[in-house]
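Visitor: Going by our numbering, the first sequence opens with residue 2, and the numbers climb by one from there.
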Amino acid sequence: MALHIYNTLHHKKELIEPLKEGHFGMYVCGPTVYDRVHIGNARPYVIFDILYRLLKRSCKVLYVRNLTDVDDKINKRAREIGSSIHDLTVQTIGWFHEDMQALGLLEPSHEPRATQHVPEMIAMIQNLIDKGHAYTAEGHVLYSVDSLREYGCLSRHNRDELIAGARVEIAPYKRDPADFVLWKPSDSETPGWKSPWGFGRPGWHIECSAMSCRYLGPTFDLHGGGQDLVFPHHENELAQSTGAHGPHTFARYWMHNGMLTVNGEKMSKSLGNFVTVREALQKFHGETIRYILISSHYRQQLDWTDEGLSQSKSSLDRLYICLRGLVDDGHENAVDPKILEALEDDLNTPLALSRLHEIATSINKAKSSKSRMQLMQILKASGQILGLFGLAAEDWFTWRSAAAADSLNDEDIKSLIAERIQARVNKDFSAADLIRDKLLAQGIHLEDTPNGTLWRR
RNA sequence: GGCCGGGUGGCAGAGUGGUUAUGCAGAGGACUGCAAAUCCUUGUAUGUCGGUUCAAUUCCGAUCCCGGCCUCCA
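Structural data, given as structure tokens:
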């Protein structure tokens with residue numbers, strides 16, 4: 002089976018066929034760098050990381066994920082904390098990379114920054130003006146949604162509804178309330194660039210149109226992000242790019258992930274109900290966070306709970322227990338075909354995870370050590386396409402969260418285990434059990450095996 | 001109001017027009033000094049009401065409820 006993905010543009014699953022055989026170009030909207038990313042922000046990055054890993058098996062993939070480092074929220078935050086915009090964005094980008102690394106993400110091919118592509122944006126805006134898709138008004142350049150018949154086709158909004166929408170900002174310089182800003186004037190306090198329309202800065206959407214074209218060309222394969230970007234961000238990107246490069250298609254496939262919720266409500270900065278990736282990492286390993294993020298289908302909503310995290314931890318423990326004793330021969334191992342099949346069917350990660358557990362069961366039931374080892378290698382390779390099993394099993398079991406930094410350290414644990422072994426040799430089982438209880442109270446699980454006592458957190 | 005998605009066992013979460021995943025938690029058994037891990041067994045799950053059908057959790061319609069978007073959003 003070949004890869005099928007649900008295309009937002011056509012509202013159905015479609016066979017993915019690259020524009021250029023053997024090559025694949027994808028663009029994912031990255032963060033606006035004024036603050037730590039939260040778990041909801043991280044969901045698409047994890048999802049598209051898995052798509053990237055899957056595609057890389059058969060194609061040369063150009064994966065572009067931008068960094069938005071010019072935005073009014075950045076300006077506001079910099080003012081609030083008395084930092085320069087440059088320092089704020091550089092620091093936030095550093096945090097972002099730390100968080101993404103902790104979640105086990107591969108680096109994209111390109112991570113373009115908006116501020117480094119202003120000339121491309123200016124050229125594109127000029128192009129839109131020349132083609133009659135944009136107009137200038139009071140130092141602004143606005144996109145005229147009226148100029149593009151298909152405006153609204155991605156989000157299925159029609160023009161009448163947009164005009165009726167109560168939340169549209171009706172600026173006096175707009176010809177139409179639904180027109181959106183391509184370029185706006187800056188004063189001496191806000192960052193800006195010289196342009197044919199005066200000193201100013203780009204609007205929100207133009208950077209993605211300009212940068213996707215710069216790195217992937219006017220037509221490329223797949224564009225993705227969260228469902229909340231469908232309108233207005235992606236609709237407007239589509240309008241800009243189509244206006245500038247039409248009639249060529251912009252992105253051929255659009256892919257959007259469902260929202261993360263907390264107590265059934267969307268996790269968002271404005272509601273204040275968000276958990277930053279950083280905060281979650283204080284208590285749980287990045288792989289546990291990744292596991293919960295892929296334990297439901299990417300287009301479904303996912304409710305973020307502590308219960309879900311601990312279930313994910315337990316599920317991962319089971320898999321890592323199976324990988325104990327695996328001798329990695331360094332060979333590229335085969336991924337289980339059923340897992341590939343699940344992923345190729347619109348990235349069905351929960352089904353892929355269930356298959357991982359079936360393999361785990363067969364490992365535990367394996368009769369010969371040879372077949373056991375073979376299955377272990379399949380399990381590891383199969384998990385890795387999901388971005389799991391980035392650690393050796395023993396490192397997974399001994400990992401200690403920052404939140405538990407004052408709990409027993411490895412040396413304490415080892416010496417208590419040694420004490421207990423001595424007690425068991427002496428048949429002093431009550432002393433041995435006392436030590437075991439003490440460790441368990443600290444979250445340390447012991448396992449007596451024929452080859453000695455194993456422990457895990 | 002418009003557009004879109006969803007309601008599955010104690011919890012999480014897939015597939016599927018008939019035999020009904022997977023994990024977590026629970027119960028019983030095997031194993032163990034006892035545990036743990038593991039294996040085996042186990043649990044009358046598909047919001048409600050209709051329709052189509054030999055057969056519906058799955059298809060169709062209605063209805064109730066929940067969530068998302070409608071110019072801050074991943």
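Glycine included, each C-beta is placed from N, C-alpha and C at the ideal position.
What's the call for residue 185, buried or exposed, on a 16-neighbour Cβ count within 10 Å?
Guide: Buried.
Visitor: Can you have a look at residue 288 and say buried or exposed, based on whether 16 or more other CB atoms are within 10 angstroms of its CB?
Guide: Label assigned to residue 288: buried.
Visitor: Report yes or no: do the stretch 218-227 and the stretch 242-253 share at least 3 C-beta pairs separated by less than 8 Å?
Guide: Segments in contact, yes.
Visitor: Which residues share a DSSP beta bridge with residue 6?
Guide: The partner list for residue 6 (beta bridge, DSSP) reads 15.
Visitor: Between the stretch 25-36 and the stretch 72-80, can you find at least three pairs of beta-carbon atoms closer than 8 Å?
Guide: Verdict: yes, contact present.
Visitor: Given this structure, state the Cα-to-Cα distance separating residue 113 from residue 411, to the nearest angstrom.
Guide: If I take the Cα positions, the gap works out to 42 Å.
Visitor: Can you give the Cα-Cα distance for residue 434 and residue 99, rounded to whole angstroms?
Guide: Taking the straight line joining both Cα atoms gives about 41 Å.
Visitor: Among the residues of its own chain, which have a CB less than 6 Å from the CB of residue 263, if the five just before and after it don't count?
Guide: Only 274, 305 meet the Cβ criterion.
Visitor: Here's a check: name, in chain order, each residue in its chain whose Cβ is nearer than 7 Å to the Cβ of residue 128, leaving out the five neighbours to either side.
Guide: Taken in chain order, the residues that qualify are 245.
Visitor: Over the uninterrupted alpha helix (DSSP H) stretch that includes residue 246, give me the two end residues.
Guide: From DSSP, the alpha helix (DSSP H) with residue 246 extends over 236-246.
Visitor: Is the CB-CB distance between residue 146 and residue 240 below 8 Å?
Guide: It is a contact, given that the beta carbons lie within the stated cut-off.
Visitor: Can you check whether the CB of residue 31 is closer than 8 Å to the CB of residue 291?
Guide: Their beta carbons are not under 8 Å apart, which means residue 291 does not touch residue 31 by this criterion.
Visitor: Give me the DSSP bridge partner(s) of residue 27.
Guide: Looking at the DSSP assignment, residue 27 forms a beta bridge with 64, 223.
Visitor: Could you tell me the distance, in whole angstroms, from the CA atom of residue 133 to the CA atom of residue 397?
Guide: Each residue's Cα considered, the two are about 58 Å apart.
Visitor: From which residue to which residue does the alpha helix (DSSP H) around residue 342 run?
Guide: Per DSSP, residue 342 belongs to the alpha helix (DSSP H) from 338-345.
Visitor: By a C-beta neighbour count over all protein chains shown, 10 Å radius and 16 as the cutoff for buried, is residue 139 buried or exposed?
Guide: Per the 10 Å Cβ criterion, exposed.
Visitor: Within this structure, are the beta carbons of residue 64 and residue 110 separated by less than 8 Å?
Guide: Yes, the Cβ-Cβ distance between residue 64 and residue 110 is below 8 Å.
Visitor: Give the single residue among 191, 156, 339 whose Cα lies nearest to the Cα of residue 11.
Guide: Ranking 191, 156, 339 by Cα distance to residue 11 puts 156 first.
Visitor: Name the DSSP bridge partner or partners of residue 464?
Guide: Here the chain has residues from 2 to 458 only, and residue 464 is not among them.
Visitor: Does the count of Cβ pairs from the stretch 309-322 and the stretch 415-422 closer than 8 Å reach three?
Guide: They do not touch, by the three-pair rule.
Visitor: Closest to residue 154 by C-alpha separation, out of 125, 91, 172, 231, would be which residue?
Guide: Closest option to residue 154, Cα to Cα, is 231.
Visitor: So the beta strand (DSSP E) residue 300 belongs to, where does it begin and stop?
Guide: Here residue 300 belongs to no beta strand (DSSP E), and DSSP marks it neither H nor E.
Visitor: What does the alpha-carbon distance come out to for the pair residue 136 and residue 226?
Guide: So the alpha carbons of these two residues sit roughly 29 Å apart.
Visitor: Near residue 25, what residues of its chain come up, given a Cβ to Cβ distance below 6 Å and the 5 sequence neighbours on each side ignored?
Guide: Contacts found: 19, 56, 60, 62, 222.
Visitor: Between the Cα of residue 86 and those of 190, 22, 278, spot the shortest distance and give me the residue it belongs to.
Guide: Nearest of 190, 22, 278 to residue 86, Cα basis: 190.
Visitor: May I ask you to list the residues that DSSP assigns as paired with residue 256?
Guide: Partner(s): 225.
Visitor: What did DSSP end up calling residue 397 once you bin it into helix, strand or coil?
Guide: Residue 397: helix per DSSP, three-state reduction.
Visitor: Examine the ligand FAD and report whether any of its heavy atoms sits within less than 7 Å of the Cβ of residue 43.
Guide: What this structure holds is no ligand at all, so the ligand FAD is not there to describe.
Visitor: Per DSSP, residue 69 forms a beta bridge with which residues?
Guide: Partner(s): 33.
Visitor: Under 8 Å, do residue 351 and residue 297 count as touching if we go by C-beta distance?
Guide: In this structure, residue 297 lies closer than 8 Å to residue 351 by Cβ.
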